[in-house]
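In the numbering used here, the protein residues as written are 1 to 291. Beta carbons: idealized from backbone N, C-alpha and C, even for Gly.
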């Protein structure tokens with residue numbers, strides 16, 4: 001029986017929550033790092049890369065300033081442009097509702113990403129990929145991105161030839177907030193602009209755990225936000241997989257203050273602690289599937 005782990009996007013707050021969640025599960029005897037395949041999108045790409053490498057997530061929780069994608073102290077981060085974020089939100093809403101074709105929406109988001117004023121690209125790569133290096137782990141790990149110019153969906157894995165640190169950076173490049181990442185002469189942006197989880201990349205595995213931030217990032221809108229996620233899960237199940245979903249819970253939402261892009265140590269630590277507590281609670285349910 002093969003097992004897959006899908007780690008979704010959610011900004012630095014999502015990184016802190018997913019890290020805490022996985023540590024809590026592991027402490028209770030459920031080690032999701034034993035997955036046969038790990039798929040990461042955006043925040044999940046960073047957490048998934050460290051997990052696939054066998055890094056101690058418990059140790060990473062103790063150094064949030066370096067490991068959750070917070071900018072170095074000597075890097076000035078431009079204020080987040082509300083107009084850009086508004087345009088991104090509108091495009092994502094259109095994708096959720098099917099108002100326009102996805103390829104058209106992604107190209108529009110790509111233009112936004114390429115035109116935005118952000119920190120320098122190499123500073124961003126160091127910020128997200130620092131400590132990862134270029135070599136891929138000896139594990140089936142994949143992360144996602146979009147070509148910011150063509151809009152092509154891209155899956156990075158060891159066979160792709162992309163350096164690990166730059167692949168993860170590209171997956172974490174929130175359009176309008178961080179710079180697209182250059183790989184082999186092309187520039188790539190966040191892999192979660194259409195799907196926060198990209199569950200289809202877990203197809204072919206018998207047991208799948210999906211970890212999702214975005215579907216409950218705004219609890220009042222959760223029924224709407226989780227519609228595409230539930231469709232992805234239904235497709236996996238119709239192909240024979242058994243799937244368990246773990247979502248960003250309300251306590252974690254409250255700890256994050258409603259801002260997935262919060263970088264402060266206090267917020268990161270609070271969200272990590274909420275994720276840790278949730279992992280301990282979820283261990284029995286997830287352990288039944290994971291074995």
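Collapsing the DSSP output to three states places residue 213 in coil. In this chain, the alpha helix (DSSP H) harbouring residue 282 covers 265 to 290. For residue 18, DSSP assigns no beta-bridge partner whatsoever. In the three-state DSSP reduction, residue 61 falls in the helix class (H, G or I). Each residue's CA atom was taken as its position, placing residue 174 and residue 52 some 23 angstroms apart. Taking the Cα of residue 180 as reference, the smallest distance to any Cα among 205, 194, 146 and 204 is reached at 146.
Of the residues 136, 243 and 109, the one whose Cα lies closest to the Cα of residue 188 is 109.
If only uninterrupted alpha helix (DSSP H) runs of at least 4 residues are considered, those enclosed by the stretch 180 to 228 are 222 to 225. A distance below 6 angstroms between beta-carbons, with the five flanking residues on each side excluded, links residue 167 to the following residues of its chain, in chain order: 143 and 156.
Assignment of residue 145 by DSSP, reduced to helix, strand and coil, places it in the strand class. With a beta-carbon spacing of about 5 angstroms, residue 57 and residue 23 fall inside the 8 angstroms limit used to define contacts. Distance from the CA of residue 209 to the CA of residue 216, rounded to the nearest whole angstrom, comes to 16 angstroms.
For the pair of segments examined, the stretch 35 to 55 was found to touch the stretch 135 to 142: the number of CB pairs separated by less than 8 angstroms reaches three. Between residue 40 and residue 7, the C-beta gap is smaller than 9 angstroms, which places the two residues in contact. Note: residue 156 is bridge-paired with 143 in the DSSP secondary-structure output. For residue 129, the enclosing alpha helix (DSSP H) has its first and last residue at 121 to 129. Looking at 107, 84 and 204, the one whose alpha-carbon comes closest to that of residue 5 is 204. Approximately 16 angstroms separates the beta-carbon atoms of residue 151 and residue 171; this is outside 8 angstroms, ruling out the contact. Spanning the alpha carbons of residue 234 and residue 112 requires a straight line of approximately 32 angstroms. In this structure the stretch 258 to 267 does not touch the stretch 277 to 290; the number of beta carbon pairs closer than 8 angstroms is below three. Short of 7 angstroms from the beta carbon of residue 239, and not among the five residues preceding or following it, lie these beta carbons of its own chain, in chain order: 203.
Taking residue 2 as the centre and dropping the five residues before and after it, the same chain places the C-beta of 36, 205 and 206 closer than 6 angstroms to its C-beta, in chain order. When DSSP reads this structure, residue 38 sits in a beta bridge with 5 and 141.
Look at residue 51 here: in three-state DSSP terms it is helix.
When DSSP states are grouped into helix, strand and coil, residue 30 belongs to the coil group. The C-beta of residue 227 has fewer than 16 other C-beta atoms within 10 Å across all chains shown, which makes the residue exposed. With a beta-carbon spacing of about 5 angstroms, residue 10 and residue 43 fall inside the 8 angstroms limit used to define contacts. Here residue 279 is actually not in contact with residue 89; their C-beta atoms are around 30 angstroms apart, not less than 8 angstroms.
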